[in-house]
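**Q**
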Amino acid sequence: MPPQPSWAPYSTRADGLVPKLWYRPDGTPALQAQGRRVHSALEIIDEYDQANFMLAFLVYAQRADATFTSLHPTFDSAPTPALARAYFYDLCAALPDAPPETLLEFFAAIDTALDVAHEEILEAAEEVFVTFALDV
15 MPPQPSWAPY STRADGLVPK LWYRPDGTPA LQAQGRRVHS ALEIIDEYDQ ANFMLAFLVY
75 AQRADATFTS LHPTFDSAPT PALARAYFYD LCAALPDAPP ETLLEFFAAI DTALDVAHEE
135 ILEAAEEVFV TFALDV
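Residues are numbered in this note's numbering as their position in the sequence shown, beginning at 1, plus a constant of 14.
Quick look at the structure:
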């Protein structure tokens, strides 16, 4: 920055985008109306960004739902666990900001938990079967 003359009440404007928005080239503050316009524009951009995020999720979620519906058109019988897992994975993958590594780790943990739960259910079913077999 060049040295400030003694007659200038304001220092010269610093480099960068924000100082260009808030200060004139001579260093005087910009009009408040200009600041309000910039602030309003930034809010509108943020609102459009959020709306775009939600619409993208809805489009991808509807695509996942349409795929699931074509594979399992009625809910008369429960879908297989693999089909339900694939549907849930597609719904989670529909989130535009979900990193694929996180989804893979999450579903690996779900698979592990399902394996453990399946083993526990089989053990409980075997105990019930043995109990009823002994009673007969």
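All C-beta atoms, glycine included, are put in the ideal place defined by N, C-alpha and C.
#1: Which residues mark the beginning and the end of the alpha helix (DSSP H) in which residue 104 is found?
#2: Please determine if the region 70 to 77 and the region 95 to 108 are in contact, where contact requires at least 3 C-beta pairs separated by less than 8 angstroms.
#3: Could you tell me the distance, in whole angstroms, from the CA atom of residue 141 to the CA atom of residue 128?
#4: Any idea what DSSP makes of residue 125, helix, strand or coil?
#5: Excluding the 5 residues preceding and the 5 following residue 110 in the sequence, name in chain order all residues of the same chain whose CB lies nearer than 7 angstroms to its CB.
#6: With distances taken Cα to Cα, identify the nearest neighbour of residue 97 among 81, 144, 112.
#7: Could you tell me the alpha carbon to alpha carbon distance between residue 120 and residue 126, rounded to whole angstroms?
#8: Using the Cα positions of residue 40 and residue 122, report the straight-line distance between them to the nearest angstrom.
#9: Helix, strand or coil: which one does DSSP assign to residue 112?
**A** In short, the structure shows the following:
#1: Position 90 of the sequence shown, counted from the first residue, corresponds to residue 104. Residue 104 -> alpha helix (DSSP H) spans 95 to 107.
#2: At 8 angstroms Cβ cutoff, the stretches touch.
#3: For this step, residue 141 is matched to residue 127 along the sequence shown. For this step, residue 128 is matched to residue 114 along the sequence shown. Between the alpha carbons of residue 141 and residue 128 lies a distance of about 20 angstroms.
#4: As a position in the sequence shown, residue 125 is number 111, starting the count at 1. Note: residue 125 maps to helix in three-state DSSP.
#5: Counted from its first residue, the sequence shown places residue 110 at position 96. So the list reads 67, 70, 71, once near-sequence residues are dropped.
#6: Within the sequence shown, residue 97 is the residue found at index 83, counting from 1. Nearest option by C-alpha distance: 81.
#7: For this step, residue 120 is matched to residue 106 along the sequence shown. For this step, residue 126 is matched to residue 112 along the sequence shown. Their Cα atoms are separated by approximately 10 angstroms.
#8: As a working note, residue 40 is residue 26 in the sequence shown. As a working note, residue 122 is residue 108 in the sequence shown. In a straight line, the C-alpha of residue 40 is about 60 angstroms away from that of residue 122.
#9: Here residue 112 refers to the residue found at position 98 of the sequence shown. Looking at residue 112 - three-state DSSP - the assignment turns out to be coil, as it is neither helix nor strand.
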